[in-house]
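Residue numbers (the numbering used here), protein chains in the order written: chain A, 1 to 311; chain B, 312 to 588. Note that the Cβ used here is the ideal one computed from N, Cα and C, for glycine as well.
Right, dumping it as structure tokens:
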């Protein structure tokens, strides 16, 4: 009975040296990890710092409230940041409900057969399709076939298509990571499928879904290629109609059908000009764009923190 | 351990009514004034007791009394989570090291003391790989030795006959009771100095439970066992010594026979006669 135990003893496992070896390994990996982290962070920070050094002095109230101009000193990004805000709002309003609903359907409702498998594989693959392809799709479908024009609505729909797979996958992951016990507990008290999903699964999955939505939005805000493809203008000296009005019904959706520009396009346009003044303006636009993304991420972290604290 | 330390131990031991240390055979571990804190919350209050060599020691007590906390201190599981803190000593013999000391590496403790958890937790690998895992971790790779030891450990865990034809299949294909015996085999394979069992039968049916109990009794001849259990009959059936805990304190520690027939503390009596808990 004990002969192989004796053989184990005969191997003379030196526990102390095993521990020492493990500690050395841990230390080595920790140092390498820290250096790699430093290098990546340094590159990122250097990039941002350079951006800010050039861009920040250019940012002023005028820069935010002026339209683009032929003179670099007078050029502003009013139409660009308003355009970006409206397009992002449209994108979120379209992509988040559809994406979450699709994720819930695929994870909780769909029958598990080869059709669902094919849809699943496709959704995952769509997340990796180059964004210009979405631009071409939108140009053919929204602009030429449906004749929606080169408008805020079309840009919002295009970017929504682009980030839908990200939101669907995030929703499914969030739902899948909920322990099976919670489903059993909810079904066990006699809840129907929708009650299980809406009362227990969705609230638990919310932080994960929110993260997915923000990752998607952060990607959409910087996209240039699909927006250029559908024909956004680079020089716009007017704003879309205001979404709020003084007369009934107070909300106005005319802005959806307005031509527009967005910040990445404005940057792209200025970078390609020969005058140095425009390059500075482009850097300043970059800083604003970065700040908008950070703001969006910050908001998501704050909301997630609030949700976590309540449960 | 020097004379002064020994004297200090003798001085603290009488705080809890215990079996007489020196007349009962060799001691494997001595718990001295062990307190444990989950950040601010104190879960163990100055626990004292002994673990005798190649005996089964059962820790019983109502839910939340700290029995699992005490057991997990024996292989430093608490070190996996932040803000946990030990006070006091758990001296492991014959090395005479304090296994809850911050100076002692938790990994060293775990190389000496194996643990089986409440829910069977095999790795998502083959049966063979599960049992061999502890050997590989210790740098034992010689195929013949590992093969031999895997068979031995599975035999010791009374599982060899059931799995010998499918060693290379997934451990997840086993039933709950088999999985738990696999986990015992995994813990036994490296020939540990002590085996900790944390309510190993609470997720199992009566037949699987009976097999594990039988197994524990047999294993006591090769390895020192500390078992936490909810089930008093189980403690009475399989253990040589019993420790009764209540509200984070060690109320009583005795030979099992004495504990269940002639307990000296009122709370012990109330608990084992089913008046609370």
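Residues sharing a beta bridge with residue i, DSSP
i, result
"residue 509(B)", "539(B)"
"residue 168(A)", "Looking at the DSSP assignment, residue 168(A) forms no beta bridge with any residue, so it has no partner."
"residue 368(B)", "537(B) and 552(B)"
"residue 395(B)", "349(B)"
"residue 361(B)", "341(B)"
"residue 402(B)", "341(B) and 409(B)"
"residue 561(B)", "556(B)"
Residue-chain proximity (residue i, chain A), Cβ-Cβ < 8 Å
i, result
"residue 479(B)", "no"
"residue 450(B)", "yes"
"residue 416(B)", "yes"
"residue 475(B)", "no"
"residue 423(B)", "yes"
"residue 403(B)", "no"
"residue 558(B)", "no"
"residue 419(B)", "yes"
For residue i, the three-state DSSP class (helix, strand or coil)
i, result
"residue 566(B)", "strand"
"residue 555(B)", "strand"
"residue 344(B)", "strand"
"residue 441(B)", "helix"
"residue 333(B)", "Reliability of the predicted coordinates at residue 333(B) is poor, the pLDDT of 46 falling under 50, and the value obtained from them is presented with this limitation in mind. The answer is helix: DSSP assigns residue 333(B) an H, G or I state."
"residue 186(A)", "helix"
"residue 600(B)", "Residue numbering for chain B in the displayed model covers 312 to 588; residue 600(B) lies beyond these limits and cannot be assessed."
"residue 230(A)", "coil"
"residue 354(B)", "strand"
"residue 415(B)", "coil"
"residue 545(B)", "helix"
"residue 301(A)", "helix"
"residue 144(A)", "helix"
"residue 71(A)", "coil"
"residue 161(A)", "helix"
"residue 275(A)", "coil"
Exposed unless 16 or more other CB atoms sit within 10 angstroms - verdict on residue i
i, result
"residue 107(A)", "buried"
"residue 42(A)", "exposed"
"residue 333(B)", "With a pLDDT of 46 at residue 333(B), under the threshold of 50, the modelled position of that residue is not reliable, and no figure is offered here."
"residue 341(B)", "buried"
"residue 314(A)", "Residue 314(A) lies beyond the residue range present for chain A, which begins at 1 and ends at 311; the question has no answer from this structure."
"residue 121(A)", "exposed"
"residue 502(B)", "buried"
"residue 425(B)", "buried"
"residue 582(B)", "buried"
"residue 86(A)", "buried"
"residue 109(A)", "exposed"
"residue 441(B)", "buried"
"residue 465(B)", "buried"
"residue 128(A)", "exposed"
"residue 188(A)", "exposed"
"residue 291(A)", "exposed"
First through last residue of the beta strand (DSSP E) which encompasses residue i
i, result
"residue 432(B)", "Here residue 432(B) belongs to no beta strand (DSSP E), and DSSP marks it neither H nor E."
"residue 427(B)", "424–427"
Proximity test, Cβ basis, 8 Å: residue i and chain B
i, result
"residue 18(A)", "yes"
"residue 29(A)", "no"
"residue 13(A)", "yes"
"residue 232(A)", "no"
"residue 309(A)", "no"
"residue 22(A)", "yes"
Endpoints, the alpha helix (DSSP H) within which residue i is located
i, result
"residue 494(B)", "487–499"
"residue 120(A)", "114–126"
"residue 94(A)", "78–104"
"residue 218(A)", "202–222"
"residue 20(A)", "15–55"
"residue 458(B)", "454–467"
"residue 578(B)", "577–583"
"residue 109(A)", "That residue, residue 109(A), is in no alpha helix (DSSP H); it is neither H nor E in DSSP."
"residue 388(B)", "It is not in any alpha helix (DSSP H) - residue 388(B) carries neither H nor E in the DSSP assignment."
"residue 263(A)", "263–271"
"residue 527(B)", "517–530"
"residue 451(B)", "Counting along the chain, residue 451(B) falls outside any alpha helix (DSSP H), and DSSP gives it neither H nor E."
"residue 407(B)", "Residue 407(B) -> no alpha helix (DSSP H), and no H or E assigned at all."
"residue 471(B)", "471–474"
"residue 135(A)", "131–138"
"residue 380(B)", "378–384"
"residue 63(A)", "61–65"
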